[in-house]
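Q: One gets this note's numbering by counting positions in the sequence shown from 1 and adding 18 to each. Glycine is no exception: its CB is placed at the ideal position from the N, C-alpha and C atoms. Because the structure is a prediction, the values reported are computed rather than measured. Have a look at the structure that comes next, please.
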Amino acid sequence: MSELKTCCTKIHGVGAGIGLLVLGAGYLAGVAPALEAKERLGNDRETLAVMRTELDAAEERVRSMRLAQENAEAELKRSEISLRPESDRNEVIDELAGFAERQRLTLNQIRAGRVEPGKPISVVPIIMSGTCSFADFDQTLSTLREEFPDVRIRSFSIARTLARTEQQPVFEFQLAWCIESED
């Protein structure tokens, strides 16, 4: 019987060894890769969360840039200057004369020169001269562009003669009226 017991013990030992071997192989073949996959999945989730945060930030930047672009386009649209044709020359001269009167300028001369062609706009030079106070001249400089967005000041001068200081200063504006180019 002792032989039988020894034999059974050997069989059980071999069976246990084979069982451990199968169990070890199963662990290596199934459980270890599953644990590694679970760890990778956890890392992938963290990576995905970081990527989602970066994507949200990028989408917010895009929204912000689109809003800024829309605002810039709207501002550009509001600031567009409507250019008139050269045939409105007399009307513009009358408007400038009325403006000068409202600014308390005494005009001695206002005349338009020949069209200076250009692309995309052409220019009509206008000389406007007369007398006014320094304060009225300053006010005219401040408001001319507001009232006439299509007129630019090329140059100006204002002076008072030393011999006659009681007289108002003499001024001259060299203006450029921007008009539609004739194609």
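Are the CB atoms of threonine 149 and glutamine 192 nearer to each other than 7 Å?
A: Here residue 149 corresponds to residue number 131 of the sequence shown, with the count starting at 1. Here residue 192 corresponds to residue number 174 of the sequence shown, with the count starting at 1. No, these two residues do not count as a Cβ contact at 7 Å.
Q: Tell me the DSSP secondary structure of threonine 179 in three-state form.
A: For the purposes of this step, residue 179 is identified with residue 161 of the sequence shown, where counting begins at 1. Reduced to three states, the DSSP call for threonine 179 is coil.
Q: Buried or exposed, going by whether 16 or more other CB atoms sit within 10 Å of the CB of phenylalanine 90?
A: Walking along the sequence shown from the start, residue 90 turns up at place 72. First, the amino acid is wrong: residue 90 is alanine here, not phenylalanine. With fewer than 16 other Cβ atoms within 10 Å, it is exposed.
Q: Can you round the beta-carbon distance between aspartate 154 and leucine 123 to whole angstroms, since I take them to be within the 8 Å contact cut?
A: Residue numbering aside, residue 154 sits at position 136 when the sequence shown is read from its first letter. Residue numbering aside, residue 123 sits at position 105 when the sequence shown is read from its first letter. Contact holds; Cβ gap of about 6 Å.
Q: Hey, leucine 114 and isoleucine 144 are a contact pair by Cβ (cut 8 Å); roughly how many whole angstroms apart?
A: Position 96 of the sequence shown, counted from the start, is the residue given in the question as residue 114. Position 126 of the sequence shown, counted from the start, is the residue given in the question as residue 144. Sure, about 7 Å apart at Cβ, within 8 Å.
Q: Pick out the complete alpha helix (DSSP H) segments inside the segment 70 to 127, 4 residues or longer, and give them in chain order.
A: DSSP runs (the alpha helix (DSSP H)) wholly in the segment 70 to 127: 107 to 120.
Q: Any idea what DSSP makes of serine 199, helix, strand or coil?
A: One-based indexing of the sequence shown puts residue 199 at position 181. Three-state DSSP puts serine 199 in coil, outside helix and strand.
Q: Where does arginine 58 fall in DSSP's three states?
A: Counted from its first residue, the sequence shown places residue 58 at position 40. Helix, per DSSP.
Q: Ignore the nearest five residues each way along the sequence and tell me which others in glutamate 200's own chain have a CB closer than 8 Å to its CB.
A: On the sequence shown, position 182 is the one that residue 200 refers to. Same-chain partners within the cutoff: Glu104, Pro135 and Ser140.
Q: Check this for me: beta carbons of isoleucine 176 and phenylalanine 189, under 7 Å apart or not?
A: Here the question's residue 176 lines up with position 158 in the sequence shown. Here the question's residue 189 lines up with position 171 in the sequence shown. Contact: yes.
Q: Please classify leucine 162 as buried or exposed, where buried requires at least 16 neighbouring CB atoms within 10 angstroms.
A: Counting from 1 along the sequence shown, the entry for residue 162 is found at position 144. Flag for leucine 162 reads buried.
Q: Going by the beta-carbon positions, is the gap between cysteine 196 and aspartate 156 smaller than 7 Å?
A: Within the sequence shown, residue 196 is the residue found at index 178, counting from 1. Within the sequence shown, residue 156 is the residue found at index 138, counting from 1. Contact: no.
Q: Between the Cα of leucine 174 and the Cα atoms of Glu72, Met146, Glu57 and Asn108, which residue gives the shortest distance?
A: What you label residue 174 is simply residue 156 of the sequence shown in a count that begins at 1. Here the sequence assigns phenylalanine to residue 174, which means leucine is not the residue at that position. The shortest Cα separation from phenylalanine 174 among Glu72, Met146, Glu57 and Asn108 belongs to Met146.
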